[in-house]
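Undergrad: Mind having a look at this structure? Questions to follow.
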Amino acid sequence: MDIRNFFGKAGGTSGNKKNAEKDVENTKRQPKKRMTKKRGINDSDEETTSKIPLPVSNQDENQTDNKGKSKRKQKKIKVEEAIKEAAIKEEAIKEETASKYFSDKRITRIDSKARKSELESLHNDESKPIEITKSNTNKGFTYRNFLQRTGPPAPGTKEIPIGADNCLLGMTFVFTGDLESLNREESQDLVKKYGGKVTASPSSRTSYVVVGEDAGPKKMEKVQQLKIPTLTEDQLLELIKTSPGKSDFLNKSPKTTKSRVENIVKDSAQIPNSSDTENLMSQLWTEKYKPKSIKEICGNKSQVESLQKWLNAWESNHKTGFKFQSNNLFPAALISGNPGIGKTTAAHLIGKLEGYDVKEFNASDTRSKKELDEVVKTATQNTSIAGFFHHESSQGSKRKNANKILIIMDEADGMSAGDRGGMTELIKLIRKTQVPIICICNDRKSPKIRSLLNVCQEFKFQKPRVEQIRSRIMTIATREKIKFNTINVVDELVKGANADIRQILTLLSSLKYSHDTINYEDAKEFGKASEKDTGMNLWEMAYMILGTSTWNPRNKSSLNDKLDLYFLESDLLPLMIQENYLKVKPERATGFVKHNEGNPHFLEQLVTMEALSKAADCISDGDLVDRMIHGTQQHWSLMPFHGMMSCVLPAYYAHGNSSGGQANQFTFPSWLGQNSKTGKYSRLLKEIQIHMRLRISGDKNEVRLNYLPTLSKALSLPLICERSEGINKVIGLMDYYYLTKDDWDAIMELGVGSNDGEKILKEIDKYVKTNFTKRYNVTSHPVSFFKASTVNSMSKSGSTRELPDFDEAIEPEEDSKEEEVTDEENDLSKDKFIKTVGQNTSSRGKRNSSGASNRGGRSGRGSRGGGSGRGSRGGVRKSASK
Amino acid sequence: MCLLVDKYRPTSLDQLTYHHDLSHLLKITAHSGSFPHMLMYGPSGAGKKTRIFCVLKELFGEGVEKIKIDQRTFVTSSNRKLDANIASSIYHLEVTPSDVGNYDRIVIQELIKDVAQTQQVDLNAKQRFKVIIINEADALGRDAQAALRRTMEKYAKNIRIIFCCNVTSRIIAPIRSRCLLVRVAAPTIEESTQVLRQIATNEKIKISDDVLIRIAGKSEGNLRNAILTFETMIMQQANISKTSEVPSPDWKDHIENIAKSIIKTQSSANIMEIRLVFYELINHCIPAPIILKTLTFALFKHVHDDIKMQITAQASFYDHRLRTGQKVIIHLEAFVIKVMHLILSNNQKS
């Protein structure tokens, strides 16, 4: 296995750099390369092929004929340039596909898709601004091609200039098509880094459209309509290099940012500055910059307002008992939403503004039924001291009497086992409450909360949008003297934290000590680090790793990213891969088309099998590693290696689009089910062998491999051929080998193929079968031994007796048994839990003593009842002996 | 009514029909008064157990035929309960420690020490020691074997151990050096045929020597298999002519089918089909190494000579993996894909 090659591919673009450079050089040396190329054939051969005229012009004419001849002038492109570009493209494609893999073999292939896209790209000459023709935009842009995109043809070849800060401030960019050396994400990051704005589709406000190869047709149409200036990659880099920096974006920002800035200035004025500065230094930023008025709450304006309305109207509603109002009025409110978006803050703030004394219970308080009762009672019947002293002095607030109390049940979904009855008590409380109650939770769909929904008015807090947070973050930053490199930093922070304001503030406060200015990369990094592990299920993971997109060089997921998938589900993912790697069509085997040499379908088959074989070998290696981990040696440090061998490498070889194309085609690992089946059958086989043990000398495997084929015939043929007359014969044979009826069934089940149990059972007449069972059950049969469990439980019960009295052992059984039964009944009638089981036990005792059955104690059912029964027997005996 | 294989099992050394030298040796050893520890090895169906039993009878007399089976429960240090079945007479004790898998050491330690520390109380017994037969000794773990080492010497006065296994390579050297190694080779085709003929005469069945030779040949030296196949034949067909087909066991047929389908189509869909058949075989307690072996030989019937070598190499490679790995299906599947690839690339060349 060519590890180096593998890492080259898995490492994304960087690994391909060398090869790509070489390719570029190659293309310089021999500019006239054909797009079809034979591997392993020398250069002279290629030149001969390149003399074949290209079908380009033909096709173009056809196209333009359809679209209108007026455009014909526009496509004056030198054929040579077109060929050159096609060669570059071809090299790149070759690079990505199986060429390396088969470089030593004389396999020829034509990439038809590549050819198509080459024809299209003939128009896109990079050396001059792009002229767009209609024919170009319409030609063969399909989703399939889009999926097959291979990434930048020459990654990392261009030096990225370092521009002045914010040199792109105020400009809006749109990207379309493939750039030469940067992929989409990189290029967008570049623009954002310098303060530019990136939008998805062009509009009148777009300053530039950056165009690469295979530009989207829709976008280009619009660009033409709106007459937006276009840039190539080189021009973009040039722009960055030359544009003057705008160091202070607050002052010199053009229109679009001006409004934001005004907002910021306004906001910063709102924040009370010096009222309680003395302890500001020691405070957390989240406390320090807590909203002090409703206006300061970021986002969820309507929810906050309606919450306030609800609280405001609460008193009047309470007087009418909430009954006469419209049905969506409840005595309690439930706020739900993601963490860090200001739910608690809003609740507290509103409570304060409406003149309530807020009493908060959160997960740190005990919230059992009793506690809740207690607290609420004291809360409703007492006057809070704070309100008592303050009720005249408070300025501006609507405090009318000091008796108003608001209960906030924070983290309501955190009511756990410790708070037994808490939720029901809370609901009861809400139904007859004298005070308003606000409950706060994260997940309104959790089952705990569901019952609460019936009695609460709901306020769903949404994640605030970036615009809503941006200004506030900027204000705080200015106040704390943190500088941002560009305004995009804030956006990136907000995105990274998933709009969690609290998290952003925490982050900023810690960044403040190490950084004076925060630039775009820092923010991006933070976003990646705090990216929450999104819940992926097993199927999604399998698709991710076996699908083509992860292995596409365009995708920047590194080797470690792929390995991380394994660590998300290290037990099941290897099994999942093993189950499903055959269900995708290996990508490296696609793309063979008919050629003069050999059969393409055969080649495809061969390459598929080779890829699958490599994948299977890796899985096999992985299994050996698995043994090292889970076996006696317990080398857990091999986990990453196991992940590589069992997930990443097989997927590297076998990845491809699933042959059926449907998403839910992958199946759950069948190994688990099959394994338990194996366990079951081997138990059955063991039982058979033990029973036969007295007559035969073979071990388990010998019994299965040699005895069973003959036995299953010997035990079934008489029933089939001689019908009822054969029954005695079969039972005789079973008795000789000490086989039970269960063993008979097991022997039938254990057959495969021609001895398949179901087939044989079908051949036996139903009447004969029931007769056989009946006959077997009425006659008595020899038994080779008793199960240990039976023996064991008997000896155990012996040890529980208070006095082991050996004389008693020979006492006639019947007497004691009668006593035992009656005694048990008396005893058990007192205890309702063991009644039925106990009776069972007594009958079992009888059966055991008769010794006819060897499976009496098998299940060990009703051990509790049995225990007490035996205990009582001991008691009776003791009294009898005295 | 019982199967012929058990009906005609020899019960004394004199009754054995082949390996006469070995029988003689065993007889002398049994009477010598210094009976050693013994390690019997050879392919299954060659008559190891039968010989062990004959030796026991020679040592102790009729008493060894009264066998009882019981199940003893052992408790591991982690409080797991293990059931082991023990067949015993008053003179000997037979156990298969590998039944309990990884915990075989506990069975060895508890059981054997238990027996070894008690002396024979029957004064009329011919020998002062008891014999412990350990079945499937090659499946014993390293720990269990190590646990035996010292016990064998220390309690030699009270016990003799007879190991019974297929190959000696998995028995550690210290144990091997403490035992008398006795190889029981598989009977030749002639010897097997002779046994079959004897049975046929006793049962008054008319059957031509040709068929018997074919049965013996097909059983590949496994006499048990030969006799059972013989019985299946007479059970299924009233008149056996010279041309009647010798039946092969169900699982063998199944594996041959796999081989045929490998030769016929090489595609991932077919691999998935084969995977299901593999699962069925494994489920139904066919040991994976046997599946692999049978499959390899079945493939030989169909493939070109050129790739037979390669297939053999691959088969032994994956056989090793079956034993060192955990999930057998993975390795069997890898083998099948490898073979498919070999066939395809061979086609390409030709």
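Line by line, the protein sequences give chains A and B. For the first sequence, position 417 matches number 417 in the numbering used here, and the numbering has no gaps at all. For the second sequence, position 47 matches number 1047 in the numbering used here, and the numbering has no gaps at all. For every residue, glycine included, the Cβ atom is placed at its ideal position computed from N, Cα and C.
Give the C-beta separation of B/PHE1035 and B/LEU1059 to the nearest angstrom, bearing in mind that I take them to be a contact with Cβ-Cβ under 8 Å.
TA: About 7 Å separates the two Cβ atoms, so the contact holds.
Undergrad: Taking a contact to mean a Cβ-Cβ separation below 8 Å, would you say A/ILE408 touches A/ALA347 in this structure?
TA: The answer is yes: Cβ separation under 8 Å.
Undergrad: Check whether chain B comes within 8 Å of A/PRO464, counting only Cβ atoms and requiring the distance to be less than that.
TA: It does not: the Cβ of A/PRO464 has no partner Cβ on chain B nearer than 8 Å.
Undergrad: Rounded to the nearest angstrom, how far is the Cβ of B/LYS1130 from that of B/HIS1092, given a contact under 8 Å?
TA: Confirmed, Cβ separation roughly 6 Å.
Undergrad: Rounded to whole angstroms, how far is the Cβ of A/LEU624 from the Cβ of A/LEU572, which I believe are closer than 8 Å?
TA: The pair is not a contact, with the Cβ atoms about 19 Å apart (cut-off 8 Å).
Undergrad: Applying the 10 Å Cβ sphere with the 16-neighbour rule, what's the burial state of A/GLU315?
TA: Classification of A/GLU315: exposed, given that the 10 Å Cβ count is below 16.
Undergrad: Check this for me: beta carbons of A/LEU453 and A/MET423, under 8 Å apart or not?
TA: No, Cβ-Cβ distance for A/LEU453 and A/MET423 is not below 8 Å.
Undergrad: Since B/ASN1135 and B/CYS1164 should fall inside the 8 Å C-beta cutoff, what is the C-beta to C-beta distance between them, to a whole number of angstroms?
TA: At roughly 5 Å, the Cβ-Cβ gap stays under 8 Å, so B/ASN1135 and B/CYS1164 are in contact.
Undergrad: Would you identify the three-state DSSP class for A/MET692, choosing helix, strand or coil?
TA: It is helical.
Undergrad: Check A/SER754 in the structure and name its three-state DSSP category.
TA: Three-state result, A/SER754: helix.
Undergrad: Could you say which of A/PHE459, A/LYS218, A/SER243 and A/ASN183 lies nearest to A/GLY170 if we only look at CA atoms?
TA: Of the listed residues, the one whose Cα sits closest to A/GLY170 is A/SER243.
Undergrad: Which residue from A/THR199, A/LEU750, A/ILE629 and A/ARG502 puts its Cα closest to that of A/LEU889?
TA: With chain A represented from 1 up to 882, any question about residue 889 of chain A goes unanswered, as that position is not in the structure.
Undergrad: For a test of the three-state rule: what should DSSP assign to A/TYR767, helix, strand or coil?
TA: If DSSP states are grouped into helix, strand and coil, A/TYR767 belongs with the helices.
Undergrad: Would you mind sorting A/ASP178 into buried or exposed? The rule is 16 or more other CB atoms within 10 Å of its CB.
TA: The residue is buried, with at least 16 neighbouring Cβ atoms inside 10 Å.
Undergrad: Am I right that A/LEU612 and A/MET628 are in contact with their C-beta atoms under 8 Å? What's the rounded C-beta distance?
TA: That belief does not hold up - the Cβ atoms of A/LEU612 and A/MET628 are roughly 25 Å apart, past 8 Å.
Undergrad: Name the residues in the region 1068-1091 of chain B whose C-beta lies less than 8 Å from a C-beta of chain A; which are they?
TA: Answer set for the region 1068-1091 of chain B: LYS1068, ILE1069, ASP1070, GLN1071, ARG1072, THR1073, ASP1083, ASN1085 and ALA1087.
Undergrad: Skipping 5 residues on each side, what residues in its chain have a beta carbon closer than 7 Å to that of A/ALA499?
TA: Correct list, in chain order: ILE341, LYS463, PRO464 and ILE469.
Undergrad: Does any residue of chain A have a CB that is nearer than 8 Å to the CB of B/TYR1279?
TA: At least one chain A Cβ lies under 8 Å of B/TYR1279.
Undergrad: Would the beta-carbon of B/SER1169 fall within 8 Å of that of B/SER1192?
TA: Contact flag unset, no.
Undergrad: Using the C-alpha atoms, what's the distance from A/LEU685 back to B/LYS1301?
TA: Distance between the alpha carbons of B/LYS1301 and A/LEU685 is about 32 Å.
Undergrad: May I ask you to list the residues that DSSP assigns as paired with A/ALA332?
TA: In the DSSP output, where bridge partners are listed per residue, A/ALA332 has A/ILE437 and A/CYS456.
Undergrad: Could you give the first and the last residue of the continuous beta strand (DSSP E) run that contains A/THR199?
TA: Here the beta strand (DSSP E) through A/THR199 covers 197-199.
Undergrad: Give the list of continuous beta strand (DSSP E) stretches no shorter than 3 residues that lie fully inside the region 1026-1056 of chain B.
TA: List check, beta strand (DSSP E) in window: 1038-1041.
Undergrad: Identify the continuous beta strand (DSSP E) that holds B/PHE1278 and give its terminal residues.
TA: That residue, B/PHE1278, is in no beta strand (DSSP E); its alpha helix (DSSP H) goes 1268-1283.
Undergrad: Taking A/GLN303 as the reference, which of A/ALA333, A/ARG683, A/ALA616 and A/GLU287 has the closest Cα?
TA: It is A/ALA333 whose Cα lies nearest to the Cα of A/GLN303.
Undergrad: What does B/HIS1284 touch in chain A if you count any residue whose Cβ is under 7 Å from its own?
TA: What B/HIS1284 touches in chain A: TYR681, LEU750 and VAL752.
Undergrad: Between the region 1059-1073 of chain B and the region 1085-1099 of chain B, are three or more C-beta pairs nearer than 8 Å?
TA: These segments touch.
Undergrad: Cα separation between B/GLN1266 and B/GLN1348?
TA: The straight-line gap from Cα to Cα measures roughly 13 Å.
Undergrad: Starting from the beta carbon of A/ARG627, find every residue of chain B whose beta carbon is closer than 7 Å, and list them in chain order.
TA: The answer, in chain order, is THR1324, GLY1325 and GLN1326.
Undergrad: Could you pull the DSSP bridge partners for B/HIS1341 from this structure?
TA: Bridge partners of B/HIS1341: none, in fact.
Undergrad: Which same chain residues, not among the five before or five after B/ARG1160, have their C-beta less than 8 Å away from its C-beta?
TA: Same-chain partners within the cutoff: PHE1035, PRO1036, HIS1037, MET1038, PHE1129, LYS1130, VAL1131 and ILE1132.
Undergrad: Looking at the structure shown, is B/LEU1212 part of a helix, part of a strand, or coil, going by DSSP?
TA: Helix at B/LEU1212.
Undergrad: In this structure, how does DSSP classify A/THR257 when only helix, strand and coil are distinguished?
TA: Interpretation of A/THR257 is limited by its pLDDT of 46, a score under 50 that renders its predicted location unreliable; no figure is taken from the coordinates.
Undergrad: Would DSSP call A/ILE727 helix, strand or coil?
TA: The answer is helix: DSSP assigns A/ILE727 an H, G or I state.
Undergrad: Return the CA-CA distance between A/GLN689 and A/ILE747, expressed in angstroms with no decimal places.
TA: If I take the Cα positions, the gap works out to 11 Å.
Undergrad: Is any beta-carbon of chain B found at less than 8 Å from that of A/PRO669?
TA: So no, A/PRO669 is outside the interface.
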